[in-house]
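A.B. asks: Quick note: the sequence shown uses the numbering used here, first residue -1, plus one each step.
Dropping a structure here in structure tokens format, bear with me for questions.
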Amino acid sequence: MNLKKQFTFSDGYVLDFLLDSGKRKNMYLTVRDGIVTLKVPETLSTDRATDFLISKEQWIKDNLSKAKPKAHGLKEYKDGEKILLLGKEYTLCFVYADKYFKAYFDDDKIKVSVKKDYPQDRIKSICDKLIDEFAVQNISRTTERLSKQTGLYPAEFTVKNMKSSWGRCSSNGKISINREIIYYPQECLEYVIIHELCHLRHMNHSKEFWELVERFCPDRKRIRKQLNESI
């Protein structure tokens, strides 16, 4: 059984982790979807477990940093600002029109109907809504295509903001993809989706799991490295 625990390092960094005590000879750490799990033998003392955590402090921080997506996107919401979506560059273009129209993509431009007295938060709301729609449409469409390609179909699929991972697959077959992946090239989106789809067959990171991932994404090591390095 996993127990939720918390430990504070000497620099004040607070770590939330799961303690998994079971029949095993050694102790080790795993980081998956931003969750740290410390696996220890049943007879291990609390002091030894604590010492082990302290010895792995930098490793834990490094791996949590790699697992956490960094937000990208529009910064100032100003006319002429550029943004990358699935590897393509778009330019934000304000259109000062008497009659309002819904924001839309026009080739490599994002056209937004504005008036001179529009507050910044309204412009931000309009742009964010359009980009959210873009994320849901493109991630959903890609997931549907890759499900057909792999023969792996989730019981449920959602696109949402996630703080500590690119995607998740639950034990009951539900998959979630982090909308932030749209700020990376299309191949990164495909890798994340394939990764989660393969968990429908292997709920672990075993040799068999990675072999299945590589069957559908031969460049998965390069793409995974690209995601980690861009964070």
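The C-beta atom is built at its ideal place from N, Cα and C for all residues, glycine as well.
Under the three-state reduction of DSSP, which class applies to Asn0: helix, strand or coil?
C.D. replies: Reduced to three states, the DSSP call for Asn0 is strand.
A.B. asks: Taking one C-beta from the stretch 155 to 163 and one from the stretch 114 to 129 each time, how about it: are there three or more such pairs within less than 8 Å?
C.D. replies: The answer is no - the stretch 114 to 129 does not touch the stretch 155 to 163, with fewer than three Cβ pairs under 8 Å.
A.B. asks: Is it buried or exposed, Leu150, if we count other Cβ atoms within 10 angstroms and call 16 or more buried?
C.D. replies: Burial call: buried.
A.B. asks: Buried or exposed for Arg220, going by 16 or more other Cβ atoms inside 10 Å?
C.D. replies: Looking at its Cβ environment, which holds fewer than 16 other Cβ atoms inside 10 Å, Arg220 is exposed.
A.B. asks: Go through its chain and collect everything with a Cβ distance to Phe92's Cβ below 7 Å, but skip five positions before and after it.
C.D. replies: The residues are Asp77, Val110, Val112.
A.B. asks: Please report the residue range of the alpha helix (DSSP H) in which Ser19 lies.
C.D. replies: Note, Ser19: premise wrong, no alpha helix (DSSP H); beta strand (DSSP E) at 12 to 20.
A.B. asks: Which whole-angstrom value describes the C-beta separation of Thr156 and Ser174, a residue pair presumed to lie in contact below a C-beta threshold of 8 Å?
C.D. replies: So it is a contact: roughly 5 Å between Cβ atoms.
A.B. asks: Quick check: the Cα distance between Cys167 and Ser145, rounded to an integer number of angstroms?
C.D. replies: Cα-Cα distance, rounded: 14 Å.
A.B. asks: Would you say Ile131 and Asp106 are within 9 Å of each other, going by their C-beta atoms?
C.D. replies: Sequence check: residue 131 is Glu here, not Ile. No. Outside cutoff.
A.B. asks: For His70, which of Pro152, Phe7, Leu84 has the nearest alpha-carbon?
C.D. replies: Checking every option, the nearest Cα to that of His70 belongs to Leu84.
A.B. asks: In its own chain, which residues sit with a C-beta less than 6 Å from the C-beta of Asn61, not counting the 5 before and 5 after it?
C.D. replies: For Asn61, where only same-chain residues beyond five positions count, the Cβ hits under 6 Å are Val29.
A.B. asks: So is Ala153 buried or exposed if we call it buried at 16+ other beta carbons inside 10 Å?
C.D. replies: So Ala153 counts as exposed.
A.B. asks: For a test of the three-state rule: what should DSSP assign to Asp104, helix, strand or coil?
C.D. replies: Strand, per DSSP.
A.B. asks: Taking the alpha-carbon of Ile81 as reference, which of Phe15, Gln4, Phe103 has the nearest alpha-carbon?
C.D. replies: Checking every option, the nearest Cα to that of Ile81 belongs to Phe103.
A.B. asks: Within this structure, are the beta carbons of Cys186 and Phe214 separated by less than 9 Å?
C.D. replies: Contact: no.
A.B. asks: Out of Leu42, Thr44, Glu188, Lys172, point me to the one whose CA is closest to Arg143's CA.
C.D. replies: When only C-alpha atoms are compared, the closest one is Glu188.
A.B. asks: Determine which residues share a DSSP beta bridge with Val38 and list them.
C.D. replies: In the DSSP output, where bridge partners are listed per residue, Val38 has Ser19.
A.B. asks: When the cut-off is 9 Å and only beta carbons count, does Cys167 lie next to chain B?
C.D. replies: Absence of chain B from the displayed structure is noted, only one protein chain being present.
A.B. asks: Using C-beta distances below 8 Å, list every residue in its chain close to Ala47, excluding the 5 sequence neighbours before and after it, in chain order.
C.D. replies: The residues are Leu17, Met25, Leu36, Val38.
A.B. asks: Could you give the first and the last residue of the continuous beta strand (DSSP E) run that contains Arg166?
C.D. replies: That run of the beta strand (DSSP E) goes 165 to 167.
A.B. asks: In this structure, does DSSP put Lys162 in helix, strand or coil?
C.D. replies: The question names Lys, yet the displayed sequence has Ser at residue 162. If DSSP states are grouped into helix, strand and coil, Ser162 belongs with coil.
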